[in-house]
Every structure is written in C-alpha cells, then in structure tokens.
Amino acid sequence: MDIASHDTPLVRFRMRRQQTLVRAASLVGLALLWQIVALIANSDVLPGPLAVFYKLIVHTASGELPYHLAITLARVAVAFGLAMAIGTAVGIVMGRYQQLDLAFDGALVLGLNIPALVTIILCYVWFGLNDVAAVLAVALNKIPTVVVMVREGARAVDPKLLAVAQAYRVPRIVTLRQVFLPQLYPYLMGAARSGLALIWKIVLVVELLGRSNGVGFQLHLYYQFFDIGSILAYTLAFAGVVLLVEGLVMRPLEHRLTRWRT
C-alpha cells in the first residue's frame with residue numbers, strides 16, 4: 004500500500020474524529036477531577052462544576068454574560084488584527100533586509116521586555132480611558148512577538164526557490180502567493196496562536212484597570228463581592244470561546260495552509 008492511500012478523505016475524517024474524542028475525554032477528565040477536589044475541599048471558595056454551570060446559565064439568561072463577552076471579543080479581534088498585520092509586515096522586512104534588521108533590533112528587544120502593565124498604564128494616561136487606548140495597549144504588547152516569529156520565518160525562506168521563480172520570470176504576486184507565503188505559513192500560524200493566547204490575557208487586564216465593561220471588568224466586580232462561582236462561570240465561558248476558536252478556526256486553517264507540506 005502506498006503512502007497516498009493513507010491520506011484519503013475517510014482516513015482524515017477518522018483521524019479528526021479520534022483526535023476530537025481524545026480532546027473531549029481530557030476535558031471530561033478535568034471536570035471529574037474538579038468535582039472530586041471540590042467535594043474534598045467542601046468549601047464555598049471552590050464550588051463544583053455543577054454549581055458553576057448553574058451560575059453560567061443564570062448570567063447567560065440575564066443577557067449579562069453575552070453582552071460583556073461580546074465586548075471583550077470585539078477588543079480581542081481588533082487588537083489581534085492590528086498586531087498580526089503590523090507585526091507580519093515588520094517581521095518580513097526585518098527578515099529579508101539585514102541592515103533594517105540591525106537598525107530595528109534594539110527597539111524590538113526593548114518592546115519584548117517592557118511589561119504589559121506599563122504599556123497599559125501609559126496608553127491610558129496618554130489617550131484616556133477609552134477603547135482606543137485599550138486596543139492600542141493590547142496590540143503594542145503583541146506586535147514584538149509577532150515580529151520575532153515572522154522574522155525567523157522570512158529568514159528561513161529558501162532563496163533557491165525564489166531564484167528559480169526569478170529565473171523563469173514568474174510575476175511577483177505569484178511568487179509571493181505560491182513560493183514565499185507557503186514557506187511562511189507555519190510561522191504565521193505560530194504567531195497567531197501565541198498571539199491569541201497572549202491577547203486574551205492582556206485584554207482582561209486592560210478591562211480590569213480602565214474599562215467599565217467586558218469580562219475583565221466583571222471578574223474584578225465579582226472579586227470584590229467574593230463571588231467565586233460567577234468568576235469561574237465567566238472563566239468557563241471565556242475558555243469555551245477559546246476552545247471554539249481553536250477547534251473551528253485555527254486548527255482547520257493551519258491544516259489548510261500547510262497541506263502542501265504533505
């Protein structure tokens with residue numbers, strides 16, 4: 004049996020189903036472990052998953068949770084788009100042009116090491132307590148990491164393939180789309196995944212410090228009331244969205260973009 008016979012649509016479907024079942028089983032296992040620990044602790048500080056799920060239903064039915072979650076997701080989407088667009092462009096330029104890489108390397112290192120809290124505070128002081136400052140603070144914290152990953156991808160692009168495309172006078176747009184970008188896709192997906200993981204967290208801090216809505220604001224509010232159940236309910240809703248984005252968007256997109264490698 005040749006290698007191609009192992010990559011039929013049926014085989015891929017079975018593999019994806021098996022992977023989904025394994026991931027679902029791991030989540031169920033975590034929920035059971037949580038329930039066991041909650042029973043052993045027997046404390047209001049650690050409610051069980053059923054109690055948290057009830058809180059989740061209550062906050063969802065009231066419309067409170069969807070409202071604040073939608074606001075947070077909008078901020079995440081805008082900040083993520085800005086960070087990926089700017090970081091990708093700068094990373095490609097730095098990866099392809101050595102002199103520009105040397106010129107901007109110091110600023111890049113500085114950007115990587117400035118604490119997110121400092122950037123958030125400065126943006127709020129300079130631009131006011133508004134969404135522009137909030138989104139800008141989040142994007143500024145993520146851009147340097149995108150630049151680093153994309154720069155490494157641009158450096159790793161095979162120059163021989165580019166030389167062949169140039170020798171055959173392949174149009175620049177075709178070379179970019181079919182030669183350059185396919186080699187860069189794994190690095191872009193890595194930057195996107197790490198970007199989402201970082202942006203989710205920073206957005207919550209931004210909302211906690213200077214916004215009057217969003218999941219971060221709600222978590223701070225329930226913390227003041229020591230409402231652990233509501234805190235965990237919002238956390239579960241947020242984590243659920245992250246899992247959906249990963250399963251329905253990031254993973255299929257990565258499979259599609261990197262399919263040429265197999």
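Count along the sequence shown starting at 1, add 3, and that's the number in our numbering. In this text, a Cβ means the ideal position worked out from N, Cα and C, and glycines have one as well.
A residue is called buried when at least 16 other Cβ atoms come within 10 angstroms of its Cβ; ASN133 does not meet this threshold and is exposed. Closest in C-alpha terms to THR178, from the list HIS223, ARG26, ASP161, comes ASP161. For THR261, there is no enclosing alpha helix (DSSP H), as DSSP marks it with neither H nor E.
Counting only unbroken stretches of 3 or more residues, no beta strand (DSSP E) element lies wholly within the segment 11-72. In the three-state reduction of the DSSP assignment, TYR171 falls in the coil class, being assigned neither a helical nor a strand state. CA-to-CA, the gap between TYR237 and LEU103 works out to about 44 Å.
Inter-residue distance for ASN144 and TRP203 is about 12 Å (C-alpha atoms, whole angstroms). The beta-carbon separation of LEU199 and GLY156, rounded to 18 Å, does not stay under the 8 Å limit for a contact.
The DSSP-derived three-state label of PHE228 is coil. Taking the CA atoms as reference points, PHE83 sits about 29 Å from PHE56. Using a Cβ-Cβ distance cut-off of 8 Å, the segment 57-73 and the segment 115-123 are not in contact, since fewer than three pairs of beta carbons, one from each stretch, lie closer than that value.
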